[in-house]
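**Q** The opening position of the sequence shown corresponds to residue 0 in numbering that gives the first Met the number 0, with each subsequent residue numbered one higher. We put the CB at the ideal spot given by N, CA and C, even for glycine.
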Amino acid sequence: MAICYYCRHCSKDIGTLEDEELLVSSKLGLDQLTDEEQQQMIHYGSDGHVHVRVTCEHCEEALRQNPHFHELDRWIQ
């Protein structure tokens with residue numbers, strides 16, 4: 000099992016954790032998310048991996064410079 004992080008906006012692969020000691024949700028902070036946040040951000044693949052949707056640095060900067068992007072469901076085409 001691995002935890003795969005990718006950007007929720009541009010789908011960029013951010014990184015993968017495969018170290019068994021790190022694959023504990025409390026060490027990653029995933030248990031700090033609300034139920035709604037967990038449903039939006041965490042998906043369990045048929046491959047046994049956990050896929051976590053986050054925001055990459057590039058998209059975070061774009062959102063910071065263009066706050067109105069937060070109103071859009073999808074702003075990267």
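(1) If you follow the alpha helix (DSSP H) that residue 29 is in, where does it begin and where does it stop?
(2) To the nearest angstrom, how far is the alpha carbon of residue 5 from that of residue 14?
(3) Over the uninterrupted alpha helix (DSSP H) stretch that includes residue 48, give me the two end residues.
(4) If you compare alpha carbons, which of 51, 75, 34 is closest to residue 41?
(5) For residue 8 and residue 60, what's the separation of their Cα atoms in angstroms?
(6) Any idea what DSSP makes of residue 3, helix, strand or coil?
**A** This is what the structure holds:
(1) Sequence index remark: in the sequence shown, residue 29 carries index 30 (1-based). Looking at the DSSP string, residue 29 is not in any alpha helix (DSSP H), and its letter there is neither H nor E.
(2) One-based indexing of the sequence shown puts residue 5 at position 6. One-based indexing of the sequence shown puts residue 14 at position 15. When rounded, the distance between both Cα atoms is 7 angstroms.
(3) Looking up residue 48 in the sequence shown gives position 49. Where residue 48 is concerned, there is no enclosing alpha helix (DSSP H), given that its DSSP letter is neither H nor E.
(4) By one-based count along the sequence shown, residue 41 stands at place 42. Closest by alpha carbon: 51.
(5) Within the sequence shown, numbered from 1, the residue matching residue 8 stands at position 9. Within the sequence shown, numbered from 1, the residue matching residue 60 stands at position 61. Distance between the alpha carbons of residue 8 and residue 60: 12 angstroms.
(6) Against the sequence shown, residue 3 aligns to sequence position 4. Strand at residue 3.
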